[in-house]
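Engineer: Heads up: the sequence shown begins at 255 in the numbering used here, then just goes up one per residue.
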Amino acid sequence: MRPVCSNGRKMNFQNYSICTDKYGFKRYLKRYECEDCSNGPLRSKCTKAKSDKIRGIQKNMDWEYIKATIQQLLSEEETGKIYRQRKIDVEPDFGYFKA
Numbered sequence: 255m256r257p258v259c260s261n262g263r264k265m266n267f268q269n270y271s272i273c274t275d276k277y278g279f280k281r282y283l284k285r286y287e288c289e290d291c292s293n294g295p296l297r298s299k300c301t302k303a304k305s306d307k308i309r310g311i312q313k314n315m316d317w318e319y320i321k322a323t324i325q326q327l328l329s330e331e332e333t334g335k336i337y338r339q340r341k342i343d344v345e346p347d348f349g350y351f352k353a
């Protein structure tokens, strides 16, 4: 599914890229760019840049998949019940430690 900009235009796929952090972990990203809307009325929602550069974003599809899976799990009744109980059992202790 392609991302959509603030103006409702679909962003076009440009290329794949690999980012390596300082620990050597590699992230596989997809880069998308919007069509040229330098004079568009919603440009200020997309970017605060003063130049006429085209807005681009990078998506980590592995991360998007993990987020969707977790969201689906948390929406299930049994998993939600366990998560609500965890907030009661565990989270207050962290607050006590901080205090």
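Note that beta-carbon positions come from the ideal geometry of N, C-alpha and C, so glycine has one too.
These figures come from a predicted structure and were not determined experimentally.
#1: To which residues of the same chain is GLN312 closer than 6 Å at the C-beta, ignoring the five residues directly before and after it?
#2: Please classify CYS273 as buried or exposed, where buried requires at least 16 neighbouring CB atoms within 10 angstroms.
#3: Which residues in the same chain have their Cβ closer than 6 Å to the Cβ of LYS264, if we skip the five residues on either side of it in sequence?
#4: Compute the Euclidean distance between the alpha carbons of GLY310 and PHE267, then round it to the nearest angstrom.
#5: Look up GLU345 in the DSSP assignment and say whether it is helix, strand or coil.
#6: Excluding sequence positions up to five away, which residues of its chain have a Cβ less than 8 Å from the Cβ of LEU328?
Structural biologist: According to the structure data:
#1: Residue mapping note: residue 312 aligns to position 58 of the sequence shown, counting from 1. Excluding positions up to five away in sequence, the list reads LEU283 and ARG285.
#2: As a working mapping, residue 273 is identified with position 19 in the sequence shown. Exposed, by the Cβ-count rule.
#3: Taking the sequence shown and counting its residues from 1, one reaches residue 264 at position 10. Cβ within range, chain order: ARG256 and VAL258.
#4: Working through the sequence shown from its first residue, we reach residue 310 at position 56. Working through the sequence shown from its first residue, we reach residue 267 at position 13. Looking at the two C-alpha atoms, the distance is approximately 10 Å.
#5: Numbered from its first residue, the sequence shown carries residue 345 at position 91. It is helical.
#6: Counted from its first residue, the sequence shown places residue 328 at position 74. Answer for LEU328: GLY334 and TYR337, listed in chain order.
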